[in-house]
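Numbering (this note's numbering), first residue to last: 1 to 484. All residues carry an ideal CB built from backbone N, CA and C; glycine is no exception. To start, the structure under review is shown below, and the notes come after it.
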Amino acid sequence: MNVKLILKTLGKVLLIEAAYMLLSLLVGLYYGESPLPFAPPILAMLAAAAALSRLRPRATVFNAREGLVGVALIWLAMSLFGALPFAINGGFGSPIDCFFESVSGFTTTGASILPAVEQLPRGILFWRSSTHWLGGMGVLVLVLALFPSIGERAQNLMAAESPGPTSEKLTPRISTSSKILYGIYMGLTVTQILCLLLTGMNWFDAVVNTFATAGTGGFSVLNASIAGYHSAAAEWIITVFMLLYGVNFTVFFLLLTRQFKRVARNSELIVYLSVAGGATLVIAASLYARCHSVGLALRHAAFNTVSIMTTTGFVSADYDTWPELCKLILVVLMIVGASAGSTGGGMKCSRLIILCKSITREIRRMVSPKRVSVLRLDGRPLPEATVTNTAVFAMLYFLIAIGSMLLVAMDNFDFTTNVTAVLACLGNVGPALGAVAGPTGNYAAFSGFSKLVLSVCMLVGRLEIYPMLALVLPATWKNASLKK
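Pasting the structure below:
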């Protein structure tokens with residue numbers, strides 16, 4: 001394995017993270033705050049980036065193994081450096097708490113150990129929410145956009161970071177595809193900021209809430225989350241944009257290139273919108289008796305349903321007090337998640353479609369053993385390798401969930417807390433159910449060991465299992481060398 005190539009790419013990532021962290025330092029200075037939480041980490045990342053840039057790997061093409069390991073190591077390093085401002089600022093507890101908060105930010109989970117956020121400095125709040133924006137589309141996608149010279153040699157790197165059962169290029173050149181993705185991402189971000197400003201939200205809140213929405217992360221600057229604004233207009237705007245960020249970004253590219261027929265035939269988009277719409281209507285009907293208003297019931301149902309399904313984790317109401325049917329639907333949505341190729345988490349709707357088609361095919365084979373059936377998605381045949389990979393992914397997903405639940409259960413919290421906390425972290429949702437980690441709670445009460453387990457769950461969920469799994473397999477490190 002070409003360790004030099006991985007480390008050299010890590011240097012480019014740290015350079016981008018340092019430049020990105022500089023924005024938070026400038027925000028802090030604007031509000032008269034000390035630059036101390038950010039200056040040392042920025043200098044450390046610049047020094048590391050300078051040292052790693054001197055490496056000269058002989059081979060410059062990422063194979064599959066190097067892509068998986070590279071992504072896992074880069075995200076771990078990025079999270080460790082991202083935790084330094086929290087540790088230097090104070091108020092975040094132990095180093096494990098700082099790491100948990102940083103991982104939660106970059107993986108766009110939004111699970112927090114903070115019981116209150118409003119007293120934090122503006123620079124820290126900005127950094128906390130902006131980690132969602134950087135992690136949402138993927139830092140390596142940004143690297144490929146900014147450093148096109150490595151783009152055509154890093155298809156396995158991009159595939160390892162991109163969410164979904166398949167990795168699709170918008171154009172023949174990976175670097176061009178990356179630029180298009182970030183162009184769409186930035187366009188949606190700017191549009192949402194302007195829309196929130198029209199509701200009367202101030203500039204700072206509009207920007208950080210947009211960052212948290214764009215990355216489908218959910219870190220808020222108010223203890224009551226979006227409910228603290230008491231603005232129906234803001235809730236509807238955020239609902240719409242959460243729904244948009246949960247769509248496969250390829251769909252936006254197809255719309256921009258006027259390929260409307262392909263959009264209309266996109267089965268994942270149809271399933272995604274249908275599940276979100278159906279769940280919203282069922283929950284709204286269940287809430288009507290307590291809201292006594294169709295509009296209010298629909299608003300709370302739409303906001304929190306879309307928030308959970310897109311794994312954003314914003315809250316407009318305490319859904320832990322809702323009827324059991326509503327809570328069960330939300331737990332199912334935690335698992336289903338958003339679309340592949342979006343900034344959302346979960347198993348992804350495309351995998352749900354493939355699994356359902358596979359089950360249907362196997363049932364038909366039982367009835368007609370000689371029948372030959374080819375699975376198709378959007379009219380195109382699915383490779384059997386993709387079908388197998390999807391089934392294996394689903395099995396691993398639930399095995400990891402069960403194993404993590406057993407480990408977290410040692411904290412002796414109730415069944416609902418243990419199960420939903422793991423599902424919320426593995427699905428990158430954030431808030432769980434129960435008094436401890438529910439919509440009005442936080443993860444501070446968990447032990448340090450459980451926080452590390454949940455941090456790994458967040459990374460496993462964001463990177464979709466295989467990179468983190470490859471990192472711990474002994475076979476991965478055979479023939480690893482710094483001489484290549």
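For residue j and residue i, believed in contact at Cβ under 8 Å, the rounded distance
i      : j      : result
Phe99  : Leu80  : 7 Å
Ser130 : Leu23  : 7 Å
Ser368 : Asp411 : Ser368 to Asp411, Cβ: 51 Å. No contact.
Ile354 : Val271 : Not confirmed; about 11 Å, so no contact.
Pro40  : Met21  : So it is not a contact: roughly 11 Å between Cβ atoms.
Ile308 : Tyr397 : With a Cβ gap of about 17 Å, Ile308 and Tyr397 do not count as contacting.
Gly434 : Asp320 : 7 Å
Leu328 : Ala279 : About 11 Å; that fails the 8 Å criterion.
Ala424 : Ile113 : The pair is not a contact, with the Cβ atoms about 14 Å apart (cut-off 8 Å).
Ile74  : Leu10  : 5 Å
Beta-carbon spacing of residue i, residue j below 8 Å
i      : j      : result
Arg462 : Ala394 : no
Pro57  : Lys4   : yes
Thr216 : Met242 : yes
Ser104 : Ala111 : yes
Thr305 : Ile283 : yes
Asn428 : Thr108 : yes
Phe249 : Leu181 : yes
Cys457 : Ser373 : no
Met45  : Val139 : no
Ile16  : Leu142 : yes
Ala49  : Leu14  : yes
Leu198 : Thr210 : no
Leu256 : Val263 : no
Val27  : Phe126 : yes
Leu25  : Pro35  : yes
Thr312 : Gly136 : no
Ile96  : Leu382 : no
Bridge partner(s) assigned by DSSP for residue i
i      : result
Arg380 : Leu377
Residue closest to residue i, alpha-carbon to alpha-carbon, out of the options
i      : options                        : result
Ala64  : Ala51, Asn2, Val13, Ile124     : Asn2
Ser450 : Tyr466, Val422, Ser316, Leu471 : Val422
Arg265 : Gly379, Ile237, Gly183, Ala206 : Gly379
Ile124 : Leu84, Gly434, Ala145, Pro95   : Leu84
Leu188 : Ile226, Ala424, Val247         : Val247
Leu287 : Ala301, Leu382, Ala279         : Ala301
Lys310 : Lys348, Glu384, Ser225, Val117 : A small correction: the amino acid at residue 310 is Thr; Lys does not occupy that position in the sequence shown. Answer by Cα proximity: Lys348.
Ile237 : Gln192, Gln119, Ser267         : Gln192
Leu222 : Leu256, Pro121, Thr257, Leu298 : Pro121
Ile6   : Ser267, Leu26, Phe62           : Phe62
Val240 : Leu255, Phe219, Thr213, Leu254 : Thr213
Leu377 : Pro431, Phe413, Arg299, Ser267 : Ser267
Leu244 : Thr476, Leu471, Ala340, Arg361 : Ala340
Val392 : Lys370, Leu469, Asp205, Trp322 : Leu469
Residue i classed as buried or exposed, judged by whether at least 16 other C-beta atoms fall within 10 angstroms
i      : result
His132 : buried
Leu330 : buried
Ala437 : buried
Ile400 : buried
Val190 : exposed
Ile359 : exposed
Ser274 : exposed
Tyr30  : exposed
Pro467 : buried
Lys261 : exposed
Asn89  : buried
Ala234 : buried
Val315 : buried
Val71  : buried
Phe415 : exposed
Ala475 : exposed
Leu269 : buried
Contact with chain C by residue i, beta-carbon distance below 8 Å
i      : result
Val332 : Absence of chain C from the displayed structure is noted, only one protein chain being present.
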